[in-house]
Amino acid sequence: MTLRLAFMGTPDFAVPTLAELVSAGHEISCVYTPAPRPKGRGMAEVKSPVHVFAESLGISVRTPATLKSETEENALAELDLDAAIIVAYGLILPKVILDIPRLGCFNLHASLLPRWRGAAPIQRAIMAGDAETGIMVMRMDEGLDTGPVLMSKKVEIGRKTAGALHDELAQLGANLTVRAISSLEQGAIDEQTQDESAATYAKKISRNETKLNWALPASELDRKIRGLSPSPGAWFEAKGERIKLLFAEVSEGTGSPGEILTDHSIACGEGTLKLIKVQRAGRAAIDAGDFWRGFSLNPGENMT
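Set out below in structure tokens:
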């Protein structure tokens with residue numbers, strides 16, 4: 289059955305869901321996304337990925353700075369919506385907005401709620417060493433990712449980076465959203481209340497936690513590297529230059545924390561890390577072998 293929907297989203301992660309809803313034949317009456325923002329050296333205004341994609345399909349786009357106004361309430365109500373789908377939108381939806389669509393407002397969230405509510409669920413799941421994560425469609429309420437869950441899909445994390453997991457969950461979530469709202473319309477959904485006692489919060493990644501501390505165990509640093517790869521990227525300093533470490537492997541060996549060993553691995557508080565993929569400032573990512581050949585660092589020297 290075709291539903292009349294509003295879509296609210298911002299980054300690349302949200303685009304596959306919008307595309308899947310359109311492909312499934314649903315009517316997207318309007319897309320909400322933040323207004324274009326200055327970016328880059330020239331500070332030219334850049335539209336969000338959702339904005340660009342919606343315009344390419346000829347879908348009407350709205351960019352309100354807030355939804356907490358009577359004007360925006362009336363504008364949304366006039367769309368006569370069956371539902372609103374929200375994917376990484378970035379604005380708070382007050383209760384009056386949540387109550388406007390006939391079926392409600394539904395959010396796609398990249399974790400196994402109630403674990404990792406909040407801004408950085410993919411990164412936090414990897415950095416914490418979780419064995420699995422997932423994607424969930426939930427009914428929105430006034431809390432932060434607290435509403436009942438309609439449908440979910442689990443995935444193993446393994447050795448994935450945040451970037452790889454982001455792309456995988458974005459595609460899985462697109463399909464899951466279409467299935468969830470279809471089942472909801474047919475009355476075939478048993479919404480599951482979240483267990484508040486199991487809730488954890490995925491706070492936004494801060495700059496002061498991206499630098500690698502070689503005194504920590506190699507296994508912990510490995511999780512941080514994968515959780516921050518490719519962006520913002522975990523980093524260390526070598527000869528006064530900041531080097532991003534995008535992928536590494538835990539290996540055996542001993543030495544002072546930060547010391548370069550004879551096999552070009554780096555000693556940690558426990559174990560060592562063998563560099564696999566690195567990126568120097570302003571340059572493309574390269575294999576560690578090319579990095580060592582082009583950067584005069586020798587066994588016995590220390591990273592900071």
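Going by my numbering, the first residue of the sequence shown is number 289, and it counts up by one from there. Backbone N, C-alpha and C fix where the C-beta goes; we use that ideal spot for every residue, glycine too.
Review point. So the beta strand (DSSP E) tryptophan 523 belongs to, where does it begin and stop?
Key: If you number the sequence shown from 1, residue 523 lands on position 235. Where tryptophan 523 is concerned, the enclosing beta strand (DSSP E) stretches over 522-526.
Practice item. Select from Leu585, Asn586, Pro505 and Gly451 the residue whose C-alpha is nearest the C-alpha of glycine 521. Key: Here residue 521 refers to the residue found at position 233 when the sequence shown is read from its first residue. Of the candidates Leu585, Asn586, Pro505 and Gly451, the one whose C-alpha sits nearest the C-alpha of glycine 521 is Gly451.
Point to revise | At least three beta-carbon pairs within less than 8 angstroms, the stretch 427-440 to the stretch 381-395 | key: yes
Exercise for review: Output the boundary residues of the beta strand (DSSP E) element that contains glutamine 567.
Suggested key: Against the sequence shown, residue 567 aligns to sequence position 279. Unbroken beta strand (DSSP E) run through glutamine 567: 560-568.
Point to revise | Where glutamine 459 falls: helix, strand or coil (DSSP) | key: As a first step, residue 459 is located in the sequence shown; it is residue number 171 there, counting from the start. Three-state DSSP puts glutamine 459 in a helix.
**Study point:** Given threonine 542 as reference, the closest of Ala573, Pro505 and Phe524 once Cα atoms are compared
**Key:** Counted from its first residue, the sequence shown places residue 542 at position 254. The shortest Cα separation from threonine 542 among Ala573, Pro505 and Phe524 belongs to Pro505.
**Study point:** Residue span of the alpha helix (DSSP H) that contains histidine 339, given as start and end
**Key:** Mapped onto the sequence shown, residue 339 falls at position 51. Where histidine 339 is concerned, the enclosing alpha helix (DSSP H) stretches over 337-344.
Review point. Looking at the structure shown, is histidine 454 part of a helix, part of a strand, or coil, going by DSSP?
Key: As a working note, residue 454 is residue 166 in the sequence shown. It is helical.
Review point. Secondary structure at arginine 281, three-state DSSP: helix, strand or coil?
Key: Because the chain spans 289 through 592 in this model, residue 281 falls outside it and cannot be assessed.
Review point. Among the residues of its own chain, which have a CB less than 8 angstroms from the CB of alanine 365, if the five just before and after it don't count?
Key: As a working mapping, residue 365 is identified with position 77 in the sequence shown. Closer than 8 angstroms at Cβ, skipping near neighbours: Ile388.
Exercise for review: From the DSSP output, in three-state form, read off lysine 448 for me.
Suggested key: The residue given as residue 448 occupies position 160 in the sequence shown. Three-state result, lysine 448: coil.
Point to revise | Range of the contiguous beta strand (DSSP E) that encloses glycine 582 | key: Working through the sequence shown from its first residue, we reach residue 582 at position 294. That residue, glycine 582, is in no beta strand (DSSP E); its alpha helix (DSSP H) goes 576-582.
Practice item. Could you spell out the range, first to last residue, of the beta strand (DSSP E) harbouring serine 553? Key: Looking up residue 553 in the sequence shown gives position 265. Unbroken beta strand (DSSP E) run through serine 553: 553-555.
**Study point:** Inter-residue Cα distance where the pair is cysteine 318 and leucine 345
**Key:** Start at 1 with the first residue of the sequence shown, and residue 318 comes out as number 30. Start at 1 with the first residue of the sequence shown, and residue 345 comes out as number 57. C-alpha separation (whole angstroms): 11 angstroms.
Review point. In or out: threonine 449 buried (at least 16 other Cβ within 10 Å) or exposed?
Key: Position 161 of the sequence shown, counted from the first residue, corresponds to residue 449. Result: buried.
Check your understanding: Buried or exposed: which applies to glutamine 411, given that a residue is buried once 16 or more other Cβ atoms fall within 10 Å of its Cβ?
Key -> Translated into positions along the sequence shown, residue 411 becomes position 123. Classification for glutamine 411: buried.
Check your understanding: Which first and last residues belong to the beta strand (DSSP E) in which arginine 530 is found?
Key -> As a first step, residue 530 must be located in the sequence shown, where it is residue number 242. Residues 529-539.
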